[in-house]
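Encoded as structure tokens, the structure appears first; notes follow it.
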Amino acid sequence: MKLSYFPGCTLKNHAKNFEDSALCALKTLDVTVQELERWNCCGTVFSLTTDDLIHHIAPVRNLIRTKQQGSDKLMTLCAMCFNTLKRSNERVKANQEDLDIINDFMYREEIKYEGDVEVLHLLEILKNDIKFETLAQKVSKPLKDLKVASYYGCYLVRPEEIAFDDAENPVIMDELMEVLGATAIDFPFKVECCGAYQTVDKPGVVADRTNQILTSAKKQGAELVVVSCPLCAFNLDHRQKETVAKFPEFKSMPVMYFTQLLAIALGCPEESLRLDLHYIDPKPILQEKGFI
Amino acid sequence: MRTNLSRRKLRDPFVTKVEELSGQNLLVCYQCGKCSAGCPAVDEMDILPNQIIRFAQLGLKEELLASKAIWVCASCMTCNVRCPKGINIAEVIEAIRQILLRQRKDHVKVEELKPSERGDVPPIALISNFRKFTS
Ligand code: SF4
Ligand code: SF4
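What follows is the structure, given as structure tokens:
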């Protein structure tokens, strides 16, 4: 399986911990991924109006780059990239006229896009291609006694047409956590929106959600929350500063990418976790459990 | 709130435009309220999601264009996956935002954001915010 990899705008800076840990884990699993040589931002959000084709250019251009690399599969880590690329792909696959207009617009590209690339998220690759059973055998440091709540947010599971798990009750990350030896903690806010991009102009709204989401996870016994989106990560981790200012009784909670726990369980070095990029330091709980 | 209804409003081109941009048939909604029941943003909204659909059916253009709710919606798609009539409410709200943005009535003024607001947040937050709230 030749896999291309699309990092997106945030994995090279604020979410380097997401990228480094994922790449180390994939290497340990003997899965080769090739980053697109010339990728561009996907636009982060799928355009929702019927007449707006211009915002599908960026996603489709990345699909052309995938083909130019001789690949027909594009892996994403960020849930928003996944959603935007996959939804644009589905839209042009279902509308030949839209696809023709988009290809015409990019007439200087060497090849046309023909709807022949598949957009995949690492979570589904782990489950369907690498397989959880195989992964379980490669776990060298089981995450024993760690209680982890998986937060899915919006864009991995909605809308249903692009989701690889149930929109109301996704379990794929919980299953992964169990495979890694952790105890998966279910909680009622796992698909509740964190406020997303409201964080720029309405951080107070995000503080309300972060309070709700993390307090609920804590109540269910979670010691740590995992995410798959750099925007969720920013809101749930870094916005804890605003959250505690607004709700003094709020108890902090470390938030990590699922790939960081995967990397730990597969024996990746601590450098690949980039734990310096967190607001709430996950080190104490990881040290307490003897993982680092 | 006092609201006046009229044939003229019902047939306002605004209604057609909302339907066109969102790709939704507004009259399909039977006002069950399920979209509002599950919307995480209702606390901040002046007009709830089901009311947005109702107002759009009735051509209450001024009320919708002036509402705070359309900017609090984060297109989280919870309402869409739950609507028993298969209406994409998030697309309807996007259409109303777009009607304003296409007249360059931006919700977020990039030049007015403080350096800390711009500098501390990751690119994914800024890009998505500007994509949704600026023209
Ligand atoms: S859930 Fe659907 S049918 Fe019910 S009020 Fe909302 S839009 Fe209308
Ligand atoms: S898409 Fe908007 S209206 Fe619908 S549930 Fe989410 S925030 Fe509420």
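Chains as they are written, first to last, in the working numbering: chain A, 240 to 531; chain B, 121 to 255. Don't be surprised by glycine CBs; every beta carbon is placed ideally from N, CA and C.
Checklist entry - Is A/H477 helix, strand or coil when you go by DSSP? => result Looking up residue 477 of chain A in the first sequence gives position 238. In the structure shown, the three-state DSSP call for A/H477 is helix.
Item to check | Beta-ladder partner(s) of A/Q273, from DSSP | outcome: As a working note, residue 273 of chain A is residue 34 in the first sequence. According to DSSP, which records beta bridges pairwise, A/Q273 is partnered with A/S243.
Item to check | Neighbouring residues, chain A, relative to B/A245 (Cβ below 7 Å) | outcome: Here residue 245 of chain B refers to the residue found at position 125 when the second sequence is read from its first residue. Under the 7 Å cutoff, chain A gives Y436, T438, V439, L470, F473.
Item to check | Endpoints, alpha helix (DSSP H) assigned at A/M319 | outcome: Your numbering for residue 319 of chain A matches position 80 in the first sequence. 318 to 333 is the extent of the alpha helix (DSSP H) around A/M319.
Next on the checklist: Using a Cβ-Cβ distance cut-off of 8 Å, determine whether B/E231 contacts chain A.
Outcome noted: Taking the second sequence and counting its residues from 1, one reaches residue 231 of chain B at position 111. Not closer than 8 Å to any Cβ of chain A, the Cβ of B/E231 fails to qualify, so no.
Next on the checklist: Starting from A/V494, trace the beta strand (DSSP E) in both directions and tell me its first and last residue.
Outcome noted: Taking the first residue of the first sequence as position 1, residue 494 of chain A is located at position 255. For A/V494, the uninterrupted beta strand (DSSP E) segment begins and ends at 494 to 496.
Next on the checklist: Using the Cβ count rule (16 or more neighbours within 10 Å means buried), how would you classify A/G233?
Outcome noted: This structure leaves residue 233 of chain A out entirely; chain A is present only between 240 and 531.
Checklist entry - Name the chain B residues whose beta carbon is nearer than 9 Å to that of A/V466? => result The count along the first sequence starts at 1 and reaches residue 466 of chain A at position 227. Simply none; closest approach about 12 Å.
Checklist entry - Going along the chain, which residues of the region 474 to 488 of chain A sit with their C-beta nearer than 9 Å to a C-beta in chain B? => result From the region 474 to 488 of chain A, only N474, H477 have a Cβ closer than 9 Å to chain B.
Checklist entry - Which ranges would you report for the beta strand (DSSP E) in the region 354 to 382 of chain A if only whole runs of at least 3 residues count? => result The region 354 to 382 of chain A contains these whole beta strand (DSSP E) runs: 357 to 360.
Checklist entry - Since A/Y436 contacts A/A472 with CB under 8 Å, what's their CB separation in whole angstroms? => result As a first step, residue 436 of chain A is located in the first sequence; it is residue number 197 there, counting from the start. As a first step, residue 472 of chain A is located in the first sequence; it is residue number 233 there, counting from the start. Between A/Y436 and A/A472, the beta carbon gap of about 14 Å keeps them out of contact (Cβ cut-off 8 Å).
Checklist entry - Cβ of B/T198 versus every heavy atom of ligand 2: is any distance shorter than 7 Å? => result Taking the first residue of the second sequence as 1, we reach residue 198 of chain B at position 78. At least one heavy atom of ligand 2 falls within 7 Å of the beta-carbon of B/T198.
Checklist entry - Among A/L265, A/I293, A/C281, A/T271, which has the Cα closest to the Cα of A/S310? => result Position 71 of the first sequence, counted from the start, is the residue given in the question as residue 310 of chain A. The residue with the shortest Cα to Cα distance from A/S310 is A/T271.
Checklist entry - How would you list, in chain order, the residues of chain A whose beta-carbon sits under 7 Å from the beta-carbon of B/G143? => result The residue given as residue 143 of chain B occupies position 23 in the second sequence. T289, listed in chain order.
Checklist entry - Which whole-angstrom value describes the C-beta separation of A/S511 and A/L395, a residue pair presumed to lie in contact below a C-beta threshold of 8 Å? => result Working through the first sequence from its first residue, we reach residue 511 of chain A at position 272. Working through the first sequence from its first residue, we reach residue 395 of chain A at position 156. 23 Å between Cβ atoms; not a contact.
Next on the checklist: As a quick exercise: from B/R128, B/T123, B/H227, B/V212, pick the residue whose alpha carbon is nearest that of B/E149.
Outcome noted: Residue numbering aside, residue 149 of chain B sits at position 29 when the second sequence is read from its first letter. Correcting the residue type first, residue 149 of chain B is Cys in the shown sequence and not Glu. Nearest to B/C149 by C-alpha distance, out of B/R128, B/T123, B/H227, B/V212, is B/V212.
Next on the checklist: On a Cα-Cα basis, can you pick out the residue from A/L385, A/R448, A/R330, A/A261 that is closest to A/P523?
Outcome noted: Your numbering for residue 523 of chain A matches position 284 in the first sequence. Selected option, being the one with the closest Cα: A/L385.
Checklist entry - Buried or exposed: where does B/C186 fall if 16 or more other Cβ atoms within 10 Å of its Cβ makes it buried? => result As a working mapping, residue 186 of chain B is identified with position 66 in the second sequence. Sequence check: residue 186 of chain B is Ala here, not Cys. B/A186 should be labelled exposed.
Checklist entry - So is the beta-carbon of A/Y346 under 7 Å away from any non-hydrogen atom of ligand 1? => result In the first sequence, residue 346 of chain A corresponds to position 107, counting from 1. False, no ligand heavy atom lies under 7 Å from that Cβ.
Checklist entry - Going by the beta-carbon positions, is the gap between A/K366 and A/Y391 smaller than 8 Å? => result Walking along the first sequence from the start, residue 366 of chain A turns up at place 127. Walking along the first sequence from the start, residue 391 of chain A turns up at place 152. Contact: no.
Item to check | A/R330: contacting residues in chain B (beta-carbon distance under 9 Å) | outcome: On the first sequence, residue 330 of chain A is found 91 positions in, with the first residue counted as 1. Within chain B, no residue has its CB atom less than 9 Å from the CB of A/R330, the nearest being about 11 Å off.
Next on the checklist: For the region 271 to 291 of chain A against the region 331 to 341 of chain A, do three or more pairs of beta-carbon atoms, one drawn from each stretch, fall closer than 8 Å, so that the two count as touching?
Outcome noted: Not touching, per the Cβ criterion.
Item to check | Beta-carbon spacing of A/A297, A/C317 below 8 Å | outcome: The residue you call residue 297 of chain A lines up with position 58 of the first sequence. The residue you call residue 317 of chain A lines up with position 78 of the first sequence. Cβ atoms of A/A297 and A/C317: not closer than 8 Å.
Checklist entry - Sorry if obvious, but does the Cβ on B/P204 come closer than 7 Å to a heavy atom of ligand 3? => result Looking at this structure, you won't find ligand 3 anywhere; what it does contain is ligand 1 and ligand 2.
Checklist entry - Based on Cα-Cα distance, which residue from A/N252, A/A261, A/K241 lies nearest to A/I503? => result In the first sequence, the residue the question calls residue 503 of chain A occupies position 264. Nearest option by C-alpha distance: A/A261.
Next on the checklist: I need the DSSP call for A/T315, collapsed to helix, strand or coil.
Outcome noted: As a first step, residue 315 of chain A is located in the first sequence; it is residue number 76 there, counting from the start. Three-state result, A/T315: strand.
Next on the checklist: Measuring alpha carbon to alpha carbon, tell me which residue in A/Q526, A/K306, A/D520, A/A421 is nearest A/L501.
Outcome noted: As a position in the first sequence, residue 501 of chain A is number 262, starting the count at 1. From the listed residues A/Q526, A/K306, A/D520, A/A421, the smallest Cα separation to A/L501 is found for A/A421.
Checklist entry - Along the region 251 to 271 of chain A, what residues have a CB closer than 8 Å to any CB found in chain B? => result Here the close residues are N252, H253, A254.
Checklist entry - Beta carbon of B/P133: closer than 7 Å to some heavy atom of ligand 1? => result As a first step, residue 133 of chain B must be located in the second sequence, where it is residue number 13. Of the heavy atoms belonging to ligand 1, none sits nearer than 7 Å to the Cβ of B/P133.
Next on the checklist: Can you check which of these residues, A/I401, A/D413, A/P442, A/F486, is closest to A/H533 by C-alpha distance?
Outcome noted: Residue 533 of chain A cannot be examined here, being either before or after the span of chain A that is shown, 240 to 531.
Next on the checklist: Can you tell me whether A/A435 sits near ligand 2, meaning its C-beta is under 7 Å from at least one heavy atom of the ligand?
Outcome noted: Taking the first sequence and counting its residues from 1, one reaches residue 435 of chain A at position 196. False, no ligand heavy atom lies under 7 Å from that Cβ.
Checklist entry - Where DSSP assigns a beta bridge to A/K386, which residues make up the other side? => result Translated into the one-based positions of the first sequence, residue 386 of chain A becomes position 147. Residue pairing for A/K386: DSSP places it in a beta bridge opposite A/T422.
Next on the checklist: Please report whether the beta-carbon of A/P398 lies at a distance below 8 Å from any beta-carbon of chain B.
Outcome noted: Within the first sequence, numbered from 1, the residue matching residue 398 of chain A stands at position 159. By this cut-off, A/P398 is an interface position.
Next on the checklist: Tell me whether A/Y394, by its Cβ, gets closer than 7 Å to a heavy atom of ligand 1.
Outcome noted: For this step, residue 394 of chain A is matched to residue 155 along the first sequence. Every heavy atom of ligand 1 is 7 Å or more from the Cβ of A/Y394, so no.
Item to check | Beta bridge counterpart(s) of A/V466 as assigned by DSSP | outcome: Indexing the first sequence from 1 puts residue 466 of chain A at position 227. Paired residue(s): A/Y496.
Checklist entry - Does the region 299 to 306 of chain A come within contact of the region 320 to 331 of chain A, defined as at least 3 CB pairs closer than 8 Å? => result With contact defined as three or more Cβ pairs closer than 8 Å, the region 299 to 306 of chain A and the region 320 to 331 of chain A are in contact.
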